[in-house]
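Numbering (our numbering), first residue to last: 32 to 363.
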């Protein structure tokens, strides 16, 4: 993903550079954006170009940071020769009169102004300058799915881990109730809240935090928020939701088939949508779903009523056959 972002950023920059070149006819002028914004923790490309007069030749290109230290220097040509380079910087483009470098992972110390200097013979050196500001974002992997009884992992990251004082994880259930799950503070150990000890673990990291649940259960469904308590930015957070699926079996498929056939052949079973979640969980029956609508078919007989609860949602779900009448079925 980072490579694609570098290529995309470089392509956009080269396009702008070509437009500037076609609109500018002054020889010896270096064109560069006056200011740019980079996201902390990700690579970022800086670029500039120069227009030169006929007979002039670019002998060397140098990139300097805010301290006037050389980040990268090279001699252009068919075979580019790098004369100086810092480890966290690489040459991205030396195409004709265009030069671009990439900072592999932007950090807070990279904020400041950068100069690109073209040593031109015989005209002399020409330079341009771009000032870089750093933007900090919280990233995550988006919504996740997990199979009941297996491992579920929620992850987040923050671009400036040195500024993080504490990481906190919270869960918000579908009903809106919010609970604190775990936390990790600087110079401390991961702390798991008592109701979740034994099933939840948290890695000891302030930059890349990972909450693991094993075994995951249907009641773990909900939206998980990672909070980075930072200084001086304050609290930064991101949220992603977890959906838990059941394991299918031939017996379960048979139940669905029977319900569908019973409805369409007899025509005597009425259907209605009701808002129910986790039906008869105390008896070992439950239904896990993303939405709240269930379709219930209710058939009458001399021995009482039989209720078939069938989840007909678009996504895979756990479906259970409920028998509150005289016929007692087991958990599927």
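C-beta: ideal position from N, C-alpha, C; glycine also. In this text, all values refer to a predicted model and were calculated from it rather than measured experimentally.
So residue 84 is in the beta strand (DSSP E); what residue range does that whole segment cover?
-> As a first step, residue 84 is located in the chain shown; it is residue number 53 there, counting from the start. That residue, residue 84, is in no beta strand (DSSP E); it is neither H nor E in DSSP.
Where residue 74 and residue 267 are concerned, what is the direct C-alpha to C-alpha distance, given to the nearest angstrom?
-> Within the chain shown, residue 74 is the residue found at index 43, counting from 1. Within the chain shown, residue 267 is the residue found at index 236, counting from 1. Rounded to the nearest whole angstrom, the C-alpha separation of residue 74 and residue 267 is 21 Å.
Just the C-alpha distance for residue 157 and residue 147, rounded to the nearest angstrom, thanks.
-> Within the chain shown, numbered from 1, the residue matching residue 157 stands at position 126. Within the chain shown, numbered from 1, the residue matching residue 147 stands at position 116. Approximately 8 Å, taken between the alpha carbons.
Looking only at C-alpha atoms, which of 196, 220, 231, 192 sits nearest to residue 211?
-> Locating residue 211 in the chain shown gives position 180, where the first residue counts as 1. The shortest Cα separation from residue 211 among 196, 220, 231, 192 belongs to 231.
Write down the C-beta distance between residue 254 and residue 203 rounded to the nearest angstrom, noting that I regard them as a contact closer than 8 Å.
-> Counted from its first residue, the chain shown places residue 254 at position 223. Counted from its first residue, the chain shown places residue 203 at position 172. With a contact defined as Cβ atoms closer than 8 Å, residue 254 and residue 203 qualify at about 5 Å.
Just reading off the beta strand (DSSP E) that residue 155 is part of, what are its end residues?
-> As a first step, residue 155 is located in the chain shown; it is residue number 124 there, counting from the start. Unbroken beta strand (DSSP E) run through residue 155: 155 to 166.
With a CB to CB cut of under 7 Å and the five nearest residues on each side skipped, what residues in its chain are close to residue 364?
-> The requested residue 364 is not part of the displayed model; the chain covers only 32 to 363.
Could you tell me whether the Cβ atoms of residue 229 and residue 71 are closer together than 7 Å?
-> Reading the chain shown from its first residue, position 198 is the one you call residue 229. Reading the chain shown from its first residue, position 40 is the one you call residue 71. Not in contact: residue 229 and residue 71 (Cβ atoms no closer than 7 Å).
Candidates 241, 245, 82, 208: which alpha carbon is nearest residue 172's?
-> Start at 1 with the first residue of the chain shown, and residue 172 comes out as number 141. Answer by Cα proximity: 241.
Residue burial classification, residue 176 (beta-carbon count within 10 angstroms, cutoff 16) | Residue mapping note: residue 176 aligns to position 145 of the chain shown, counting from 1. Under this definition residue 176 is an exposed residue.
Between which two residues does the beta strand (DSSP E) containing residue 126 stretch?
-> For the purposes of this step, residue 126 is identified with residue 95 of the chain shown, where counting begins at 1. Neither: residue 126 is in no beta strand (DSSP E) and is coded neither H nor E.
For residue 218, three-class secondary structure by DSSP | As a position in the chain shown, residue 218 is number 187, starting the count at 1. When secondary structure is reduced to three states using DSSP, residue 218 falls in the coil class, being assigned neither helix nor strand.
May I have the straight-line CA-CA distance separating residue 259 from residue 116, to the nearest angstrom?
-> To locate residue 259, count along the chain shown from 1; it is residue 228. To locate residue 116, count along the chain shown from 1; it is residue 85. Using only the alpha carbons, I get a separation of about 34 Å.
State the DSSP-derived secondary structure class of residue 96, mapped to helix, strand or coil.
-> Here the question's residue 96 lines up with position 65 in the chain shown. Coil, per DSSP.
Applying the criterion that 16 or more other CB atoms from any shown protein chain within 10 Å of the CB defines a buried residue, is residue 261 buried or exposed?
-> For the purposes of this step, residue 261 is identified with residue 230 of the chain shown, where counting begins at 1. With at least 16 other beta carbons inside 10 angstroms of its own, residue 261 counts as buried.
Grab the span of the beta strand (DSSP E) containing residue 249 for me, first residue to last.
-> Taking the first residue of the chain shown as position 1, residue 249 is located at position 218. Careful: residue 249 lies outside any beta strand (DSSP E) and carries neither H nor E.
Sorted by chain position, which residues of the same chain lie with C-beta nearer than 7 Å to residue 264's C-beta, five sequence neighbours on each side aside?
-> Position 233 of the chain shown holds residue 264. Result list for residue 264: 167, 194, in chain order.
Who are residue 266's beta bridge partners in DSSP?
-> Residue numbering aside, residue 266 sits at position 235 when the chain shown is read from its first letter. Residue 266 pairs with 260.
Nearest-angstrom Cα separation, counted from residue 222 out to residue 216 = As a position in the chain shown, residue 216 is number 185, starting the count at 1. As a position in the chain shown, residue 222 is number 191, starting the count at 1. Each residue's alpha carbon lies about 9 Å from the other.
Tell me whether residue 277 is buried or exposed, calling it buried when 16 or more other Cβ atoms sit within 10 Å of its Cβ.
-> Position 246 of the chain shown holds residue 277. Residue 277 comes out buried.
Residue 245: which of 110, 185, 145, 80 sits nearest, CA to CA?
-> As a first step, residue 245 is located in the chain shown; it is residue number 214 there, counting from the start. The shortest Cα separation from residue 245 among 110, 185, 145, 80 belongs to 185.
Return helix, strand or coil for residue 239, following the three-state DSSP convention.
-> For the purposes of this step, residue 239 is identified with residue 208 of the chain shown, where counting begins at 1. Reduced to three states, the DSSP call for residue 239 is strand.
Please determine, among 233, 114, 99, 274, the residue with the shortest C-alpha to C-alpha distance to residue 200.
-> The residue given as residue 200 occupies position 169 in the chain shown. Checked all of 233, 114, 99, 274; the closest Cα to residue 200 is 233.
Through-space distance from residue 235 to residue 187, alpha-carbon basis = In the chain shown, the residue the question calls residue 187 occupies position 156. In the chain shown, the residue the question calls residue 235 occupies position 204. One C-alpha to the other measures close to 13 Å.
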